[in-house]
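Chains as they are written, first to last, in my numbering: chain A, 1 to 576; chain B, 1 to 576.
Number of protein chains: 2
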Amino acid sequence: MTARPVVAVHEIGDWDESADVVVVGSGAAALVAGVMAADGGARVIALEKAAETGGTTRKSGGNAWVPDDHRTHPLGLADTRESALHYLARTSRPQSYSPHSPFLGLPEWEYDGICLFLGEGAAAFADLAEKGALATVPLPDIPNFYSAVDDVVHGRTLAPCTPGGDPGDGPELIRQLTGALEQRGGRIELEHRVVSVVADGERVVGVLAETPRGRRAVHAARAVIFGSGGFTHNADLRRSYLRGPVFGGCAAATNEGDFVAIAQSLGADLRNMAESWNTPIQLERAVAGDPALTGTFSVVGDSVLCVNRYGRRTMNEKTVYNEATGPMLEFDGARCEYPNMLMFAIFDQANYDGFRGTPFDGGALPAIGDDDSHVIRGDTLEQLAGRIDERLARLATATGGLRLDAGFTGQLAATVERFNGFARQGRDDDFRRGETEVERYLYRLVANAITLGTDAQLGSGATNQAASFGPGKAGWVEPAVTGNPTMAPLAADGPYYSVILAAGMLDTKGGPRVDAHSRVLTVGGNPIPGLYAVGNCAASPSGKAYWGGGGTLGPIITYAWRAGKHAATASPVASA
Amino acid sequence: MTARPVVAVHEIGDWDESADVVVVGSGAAALVAGVMAADGGARVIALEKAAETGGTTRKSGGNAWVPDDHRTHPLGLADTRESALHYLARTSRPQSYSPHSPFLGLPEWEYDGICLFLGEGAAAFADLAEKGALATVPLPDIPNFYSAVDDVVHGRTLAPCTPGGDPGDGPELIRQLTGALEQRGGRIELEHRVVSVVADGERVVGVLAETPRGRRAVHAARAVIFGSGGFTHNADLRRSYLRGPVFGGCAAATNEGDFVAIAQSLGADLRNMAESWNTPIQLERAVAGDPALTGTFSVVGDSVLCVNRYGRRTMNEKTVYNEATGPMLEFDGARCEYPNMLMFAIFDQANYDGFRGTPFDGGALPAIGDDDSHVIRGDTLEQLAGRIDERLARLATATGGLRLDAGFTGQLAATVERFNGFARQGRDDDFRRGETEVERYLYRLVANAITLGTDAQLGSGATNQAASFGPGKAGWVEPAVTGNPTMAPLAADGPYYSVILAAGMLDTKGGPRVDAHSRVLTVGGNPIPGLYAVGNCAASPSGKAYWGGGGTLGPIITYAWRAGKHAATASPVASA
């Protein structure tokens, strides 16, 4: 990085462009803030680093988790803000949540952030719908991700609603929001990478952006709102702030943490820098830098298990994705290694045939005709092991040379035998697979998606279409299963298959603490005049939690909705 | 915090004091830098926040881990810098170490830092000894902490050497260094808390310190060297940068991360912010804020085991302290809890009688007459469980209300029975307790200390005196044990005892990246003129590793030695 993160206004010469509100990024956070600012009368320019709009949102399902949406009440869901408050607090800070302590045992700013989300989330989405900016539809069957500690269990996920009334996805959400911004006179400039803010004394008055036409200085008379995402794709920042072997993730490739140095240089109060929205990812796609990488949110199927380099099962394969990376980061001090750093999903032909092409595993089990170069095949478990190890040899520079243990094959056979016993009895005595609401739901979701057809046939809204296809819907057939449908014995004969998984994330969660209007706060707790942060470049008050499907965008859109309204009315400075 | 982290020189009026080099702190890092600067002719003032000198070093054993010290060669240790290089790199970054990759798979700055330490560590200690600033003596029996992946296994730990030629401790190290500084005209001001740096343009030219006499501005003509420690005792920073339930640690109580905001505001490149020098600690001393808290570096004894709130053993109790906290931070996503957040050491009367008062467990098993209010007693395991749970009820606000599971007592009995079986067979089939070199060594160390007498009898150098008391020494008797001495069955009858342990640390490891002279670097990689950082307030290139006894001070003193030399020759600015 050659540009200094903060440049004084007297250093830059003339402005190249001017607006009331400059928005950095064009994902959901940036666009909602931009729409609301424009709706409040501000001239808005959004500067997008990539060659297309949408950021990480475009790659996502587009869902938003919002408690107490009024439309869920007729569905009989007894959601209240009070029960949601305790669910949010407990899951965000499980080590300190205390129902009778001030702020429920949370840091005050996290408690305030949660209360703000609960108090205004449903209203924000209703207002965006009323303004014609973003239509949503509830997906009432989706459970919360920590159903064991929740009163409500499901019904807080909203999907973008297509013009036809169907649940849509990330691209649909971006389509609506970019339209709403443009209708209000806002403009989006692509290939504008913001590398510095321009400061007039303490006040932020604009930005410098690197563009194909050179560096451009853009004046912001009222506010600069960063919605530029986290630092998933900056290996230095990952190593500096996260812990353990995290291999990247499915954030937009432009999420390189450009805002971190800017926020630091302005004396912002960085929080929750070690947290991320976690998910397993396919090692090989991550190592290759595949910009289309998405999470293996579920290890799909039933006759499938995951083992480490010793051939041992060390996790519940169906654990909800945010928690599934935890075991992968465990360290063995005696051996000085991360024994579960790579987990090998092992499955049989029936599992491959039955579950390939589903929309929820990031292509781990690819549809017929899709790239399957990452799927390793062996006629026997022994041959499979040999081929996994060959693959590992080729990946050595990315993995510190991790290879299978010499005892892998023998242990794998024993592990499969033990797993098959659990599958037959319908109970996993080692890891309790399939016992939580969300694990059973995700299994059914994938099965429904298979019933509906693959991603390729349905388009990328397939997950949400599957989520809205369920009990009571035309064509729905309840799977005739007893016991634990998430487990089936692996076949006694091959072929067998494997995919290599590693810890990754949707994006990071850390950044500056902000106030109720998303103004960036200094370490001393004062707003930095003219500067706002929304989305994954700001600190999330969710701590370590991923509350449910859309747990990312629910609070993010709520906060951005408030930020845009506030920025539109911020007192202006004159263009220099 | 009311003061801004960076104040412009024109804002402060007259300087109250002036020096060539201002050192912030008076632990080993600060003092070594100060001694070397003074030795180079600089006028040095050290500003210490506390009312006494020594920082965290004063609370420590004072050891320094240094490969290839020339004095170990006659002892037959085949240490080389090459073998040490691979040990350091592999243990620092186990997920990416690769013997044939550039920088061995490490980030370049970490590789450079490690090479610098290897290249100059032994010379730095030899030079300090020659200057009469710091005498050390090798403790050749202490093993490295990852002996399974090391060629050399032991012999890299140096202790401060008392005037009588015995191995000393932290206070002895501080005594020598403060004397050396004062001999060279340096001065230490106590109760001076540095809250801001003073900048003249880009250059740091002094500091502001809060003192009992009000705020004082201290000019630094050549350099300001921060050696102010990490952020162990700042709960906000712990939550912002570390991950999971960490309850504090044994750093000096003044280690509140005062430098973090300053470094951020100057645009410094913060690294390894999620890492710390880990150790279990006693929950109750940490919660009480006991300034004398030190690590429970070992769960001492043989008829002792640790269980979680379910009564289950979930870790090898003898794991070296830096790694013992890992299992305590594991999260159970299905239950939404940290099941091992608190670990209950359970031991019988023989273990208490045999191992109380040893110098290595931070008073977990206190000497007779010492405070034993944290030791919970029960005539039976059932009674013990009830009393643990009563204690937990009193600690609820600090622990998020964690209590024993209803099945604790029954499970504990089964766990003890299983452990007793392992002890009888001399092999721990679950966690391999006592199988590494360092685990066996630490057991012997404690047994030797018992032979020598308790801490109270020997003074705080007891650990190092025990470490130097061993095979071949007068009075040494090799314990007549076969099998695995680290395990013995718990007695069939009570009384039984428990102490509550939690994850903690010696101090944090993150801070700004520095160059070979410990000059603080910006995100762009440029030194900030006039600013140096040494010790735990700077980023450690050791990644996640704790290489051996003194793994903290070995590199820290080496880097500080270079920093002080360089600062003495930095080009001066005039006093305003």
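Using N, Cα and C, we set each Cβ at its ideal position, and we do this for glycine too.
The structure displayed is predicted, hence computed values, not measured ones.
Hey, could you find the ends of the alpha helix (DSSP H) residue i is sitting in?
i               : result
H86 of chain A  : R81 to S92
H70 of chain A  : Note, H70 of chain A: premise wrong, no alpha helix (DSSP H); not H, not E.
Y559 of chain B : L553 to A568
S240 of chain B : A235 to Y241
S265 of chain A : D258 to S265
L158 of chain B : Note, L158 of chain B: premise wrong, no alpha helix (DSSP H); beta strand (DSSP E) at T157 to P160.
F419 of chain B : F408 to Q425
L305 of chain B : Unbroken run through L305 of chain B is the beta strand (DSSP E), V304 to V307; no alpha helix (DSSP H).
F125 of chain A : E108 to E130
T522 of chain B : From DSSP, T522 of chain B is part of no alpha helix (DSSP H); its letter is neither H nor E.
R58 of chain A  : G55 to K59
DSSP three-state label for residue i, please.
i               : result
Q349 of chain A : helix
A456 of chain A : With a pLDDT of only 38 at A456 of chain A, under the threshold of 50, the placement of this residue in the model should not be trusted; the figure read from the coordinates follows. The answer is helix: DSSP assigns A456 of chain A an H, G or I state.
W547 of chain B : coil
T178 of chain A : helix
T325 of chain A : coil
H10 of chain A  : helix
A209 of chain A : strand
L139 of chain B : coil
D169 of chain B : coil
M343 of chain B : strand
I528 of chain A : strand
R216 of chain B : strand
Measure the C-alpha to C-alpha separation of residue i and residue j and round it to an integer number of angstroms.
i               : j               : result
A122 of chain B : I556 of chain B : 13 angstroms
A209 of chain B : I388 of chain A : 60 angstroms
R4 of chain B   : D258 of chain B : 11 angstroms
Q411 of chain A : R433 of chain A : 20 angstroms
G40 of chain A  : G27 of chain A  : 20 angstroms
R193 of chain A : L177 of chain A : 21 angstroms
R562 of chain A : A350 of chain A : 50 angstroms
A89 of chain B  : E172 of chain B : 31 angstroms
A251 of chain A : A538 of chain A : 15 angstroms
L442 of chain B : D141 of chain B : 11 angstroms
T558 of chain B : F117 of chain B : 6 angstroms
D429 of chain B : F331 of chain A : 19 angstroms
D455 of chain A : S542 of chain A : Because D455 of chain A carries a pLDDT of 43, less than 50, the predicted location of this residue cannot be relied on, and no value is offered for it.
V246 of chain B : M505 of chain B : 8 angstroms
V207 of chain B : V195 of chain B : 8 angstroms
Shortest alpha-carbon distance to residue i belongs to which of the options?
i               : options                          : result
V216 of chain B : B:F145, B:N234 and B:E189        : Inspection of the sequence shows that residue 216 of chain B is occupied by Arg rather than by Val. Of B:F145, B:N234 and B:E189, the residue nearest in Cα terms is B:E189.
H154 of chain A : A:S83, A:S92, A:P107 and A:H100  : A:S83
L501 of chain A : A:P291, A:G407 and A:L283        : A:L283
G524 of chain B : A:F431, A:A261 and A:T380        : A:A261
G578 of chain A : A:K59, A:Q183 and A:R175         : Lying before the first or after the last residue shown, residue 578 of chain A is absent from chain A, which here runs from 1 to 576.
D169 of chain B : B:D150, B:V152, B:L139 and B:L47 : B:L139
Kindly indicate the opening and closing residues of the beta strand (DSSP E) around residue i.
i               : result
M505 of chain A : Y496 to T508
W277 of chain B : S276 to Q282
T397 of chain B : No beta strand (DSSP E) holds T397 of chain B; the alpha helix (DSSP H) holding it covers A396 to T399.
D20 of chain B  : E17 to V24
A199 of chain B : R193 to D200
A148 of chain A : Premise fails: A148 of chain A is in no beta strand (DSSP E) and is neither H nor E.
Of the residues that make up the region 226 to 239 of chain B, which ones have a beta carbon closer than 9 angstroms to any beta carbon in chain A? A235, D236 and R239
Proximal residues, the region 330 to 358 of chain A versus chain B, C-beta separation under 9 angstroms: E330, F331, D332, G333, A334, R335, C336, E337, Y338 and M341
Short of 9 angstroms Cβ to Cβ, which residues in the region 291 to 303 of chain B face chain A? none
Check each residue of the region 264 to 275 of chain A: if its Cβ is closer than 9 angstroms to any Cβ of chain B, include it; give the result in chain order. Q264, S265, L266, G267, A268, D269, L270, R271, N272, M273, A274 and E275
Taking a Cβ distance cut-off of 7 angstroms, strictly less, list which residues of the region 133 to 147 of chain A are near chain B, in chain order. Y146
Taking Cβ-Cβ distances below 7 angstroms as the criterion, which residues of the region 96 to 111 of chain B are in contact with chain A? S96, Y97, S98, S101, G105 and P107
Which residues, in order along the region 416 to 438 of chain A, keep a beta-carbon less than 8 angstroms from a beta-carbon of chain B? R432, E435 and T436
Compile a chain-ordered list of the residues in the region 312 to 323 of chain A whose CB is closer than 9 angstroms to at least one CB of chain B. N316, T319, V320, N322 and E323
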